[in-house]
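To start, the structure itself, in structure tokens.
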Amino acid sequence: MGIYRTKGDGYVRLHTNFPHHRKGLLDILKIEDTPAVTRDQVQEALLQWTALDFENAAQEKGICAFAMRSFQEWDSTPQAKALLNTPPLYIRKIADVPVPERMTSDFKHPLEGIKVLDLSRVLAGPVGGRILAAHGADVLLVTSPNLPPLPALDADTSRGKRTTQLDLTSKDGLEKLRELAGEADVFLQAYRPGALENKGFGVQDIVQLTKNRGRGVICANLCAWGWEGPWKDRRGFDSLVQTASGLNIAEAEAYAKYTGTEDIPLSPTVVLKNLAPRLSRVRKIKKFKKIQKNACKLF
Numbered sequence: 260m261g262i263y264r265t266k267g268d269g270y271v272r273l274h275t276n277f278p279h280h281r282k283g284l285l286d287i288l289k290i291e292d293t294p295a296v297t298r299d300q301v302q303e304a305l306l307q308w309t310a311l312d313f314e315n316a317a318q319e320k321g322i323c324a325f326a327m328r329s330f331q332e333w334d335s336t337p338q339a340k341a342l343l344n345t346p347p348l349y350i351r352k353i354a355d356v357p358v359p360e361r362m363t364s365d366f367k368h369p370l371e372g373i374k375v376l377d378l379s380r381v382l383a384g385p386v387g388g389r390i391l392a393a394h395g396a397d398v399l400l401v402t403s404p405n406l407p408p409l410p411a412l413d414a415d416t417s418r419g420k421r422t423t424q425l426d427l428t429s430k431d432g433l434e435k436l437r438e439l440a441g442e443a444d445v446f447l448q449a450y451r452p453g454a455l456e457n458k459g460f461g462v463q464d465i466v467q468l469t470k471n472r473g474r475g476v477i478c479a480n481l482c483a484w485g486w487e488g489p490w491k492d493r494r495g496f497d498s499l500v501q502t503a504s505g506l507n508i509a510e511a512e513a514y515a516k517y518t519g520t521e522d523i524p525l526s527p528t529v530v531l532k533n534l535a536p537r538l539s540r541v542r543k544i545k546k547f548k549k550i551q552k553n554a555c556k557l558f
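To convert, note that position 238 of the sequence shown is 497 in our numbering; the numbers rise steadily by one, no gaps.
Now the structure itself:
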């Protein structure tokens with residue numbers, strides 16, 4: 260995964276955390292999927308494509324790759340125009356439910372007794388579940404035996420959660436998830452729009468599963484590209500959104516300006532790697548404030 264140069268002056272970011280994403284991208288590039296594949300091979304193949312042509316080819320196959328854009332280039336896309344007047348967060352009532360009785364107890368944490376079903380995998384969704392767990396909620400992370408583990412991420416985002424695996428391609432897996440959803444106070448999911456609805460776990464499906472128990476349910480849904488527009492059904496991850504929407508270029512330009520160099524890094528990881536050692540050496544509040552002030556200039 261990472262950022263690669265393409266034909267002309269373009270760049271694309273590839274996302275290959277999952278084996279089927281990696282294989283799909285290599286198939287498009289006509290590279291055999293073996294452990295011996297190198298970054299140089301991928302780079303050479305991508306130089307035969309323009310960034311937008313490769314992005315479009317990847318989308319046709321349901322694979323995760325996006326062209327790097329500036330803010331201005333992103334603003335000119337149909338998706339940016341579709342989202343122009345939409346809020347970043349929707350809050351709406353999904354059902355009428357009885358007002359719950361006031362609970363009194365010696366709670367040590369504000370969300371004790373709240374059951375959360377977490378069907379998310381990468382970063383934003385599972386971090387949300389982790390925050391709920393930190394405030395006392397009983398969070399059950401549901402993963403699939405058909406997907407590879409992500410130990411580097413799971414060690415961070417799964418803290419405070421219980422975990423289980425369910426195969427949603429099986430009848431038993433679907434039935435168990437219905438049972439768990441019927442008990443949940445919060446149903447958190449980060450699949451692309453329509454993916455869970457197709458399996459019977461859309462918002463109104465969850466409402467029906469919980470309607471006869473005397474209390475409501477919160478459905479928290481997160482997606483990469485928004486709920487409207489021509490990109491709404493596209494797969495995506497945080498790093499891809501940053502690349503396609505202009506954040507990577509803006510961060511790189513800010514970093515180059517801060518350091519006084521013309522060598523612009525194309526990934527915020529470069530910024531973080533340079534900033535982290537400075538912060539790790541901070542010992543005094545005065546020095547910390549100075550570095551914190553300078554760090555803000557990067558962004």
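Note that CB positions come from ideal geometry on N, CA and C, so glycine has one too.
Note that the coordinates shown come from a computational prediction; the quantities given were computed from them, not determined experimentally.
Pull up the distance between the alpha-carbon of residue i and that of residue j, whole angstroms please.
i, j, result
"Ala326", "Ala503", "6 Å"
"Glu510", "Lys420", "33 Å"
"Ala304", "Leu406", "28 Å"
"Phe277", "Gly473", "40 Å"
"Leu468", "Gly461", "11 Å"
"Leu284", "Glu434", "34 Å"
"Ala414", "Lys374", "21 Å"
"Thr345", "Asp426", "35 Å"
"Asp492", "Tyr517", "38 Å"
"Gly459", "Gly267", "45 Å"
"Pro527", "Pro452", "Because Pro527 carries a pLDDT of 49, less than 50, the predicted location of this residue cannot be relied on, and the following value inherits that uncertainty. Cα to Cα, Pro527 sits roughly 28 Å from Pro452."
"Asn457", "Gly519", "52 Å"
"Pro410", "Ile287", "28 Å"
"Leu455", "Gly475", "20 Å"
"Ser403", "Arg361", "37 Å"
"Ile353", "Gln463", "8 Å"
"Phe366", "Asp355", "28 Å"
"Arg418", "Gly388", "9 Å"
"Lys282", "Glu291", "8 Å"
"Gln318", "Asp312", "10 Å"
"Trp333", "Leu343", "11 Å"
"Ile390", "Leu412", "15 Å"
"Lys320", "Ile350", "33 Å"
"Pro408", "Ser364", "38 Å"
"Gly261", "Arg298", "9 Å"
Quick check on residue i: buried or exposed, where buried means 16 or more other Cβ atoms within 10 Å of its Cβ?
i, result
"Asn507", "buried"
"Glu314", "buried"
"Pro385", "buried"
"Thr265", "buried"
"Ala392", "buried"
"Leu348", "exposed"
"Lys484", "Lys is not the amino acid found at residue 484; the sequence shown has Trp there. The residue in question, Trp484, is buried, as its Cβ has 16 or more Cβ neighbours within 10 Å."
"Ile204", "The first residue shown for the chain is 260 and the last is 558, placing residue 204 beyond what the model contains."
"Gln269", "One detail in the question is off: residue 269 reads as Gly in this sequence, not Gln. Burial call: buried."
"Thr293", "exposed"
"Gly372", "exposed"
"Val358", "exposed"
"Thr618", "What is shown of the chain runs 260 to 558, which leaves residue 618 out entirely."
"Ser498", "buried"
"Gln307", "exposed"
Provide the residue(s) that pair with residue i in DSSP beta bridges, ordered along the chain.
i, result
"Cys478", "Phe446"
"Tyr596", "The requested residue 596 does not occur in the structure, where the chain is confined to residues 260 to 558."
"Gln424", "Thr402"
"Leu376", "Leu399 and Phe446"
"Phe325", "Arg272"
Leaving aside the five residues before and after residue i along the sequence, list all residues of the same chain whose C-beta is less than 8 Å from its C-beta, in chain order.
i, result
"His280", "His274, Ile322 and Cys323"
"Glu521", "Ala515"
"Ser329", "Gly505, Ile508 and Ala509"
"Pro369", "His394 and Gly395"
"Ala383", "Ala449, Leu481 and Asp497"
"Thr428", "Asn405"
"Lys289", "Ala304"
Using 8 Å as the cut-off, classify the Cβ of residue i as near or not near the heavy atoms of the ligand FMN, replying yes or no.
i, result
"Trp484", "As far as ligands go, the structure on display features none, and thus does not contain the ligand FMN."
Tell me which same chain residues have a C-beta within less than 7 Å of the C-beta of residue i, skipping the five on either side of it?
i, result
"Gly495", "Cys323, Ala483 and Trp484"
"Ser335", "none"
"Arg437", "Leu468"
"Thr423", "Leu399 and Val401"
"Asn480", "Gln448"
"Glu442", "Lys374"
"Gln551", "In this prediction, Gln551 scores a pLDDT of 43, lower than 50, which makes its location untrustworthy; the coordinate-derived value is nonetheless stated afterwards. Result list for Gln551: empty, nothing under 7 Å."
Spatial neighbours of residue i within its chain, please: CB distance less than 6 Å, with the 5 preceding and 5 following residues excluded, ordered by chain position.
i, result
"Val381", "Phe496"
"Asp397", "Lys374"
"Gln501", "Asn507"
Can you round the beta-carbon distance between residue i and residue j to whole angstroms, since I take them to be within the 8 Å contact cut?
i, j, result
"Val271", "Ala310", "5 Å"
"Leu376", "Phe446", "5 Å"
"Ser379", "Ala449", "4 Å"
"Asp431", "Ile477", "With a Cβ gap of about 27 Å, Asp431 and Ile477 do not count as contacting."
"Gln338", "Pro489", "6 Å"
"Ala341", "Glu487", "5 Å"
"Gln302", "Tyr263", "5 Å"
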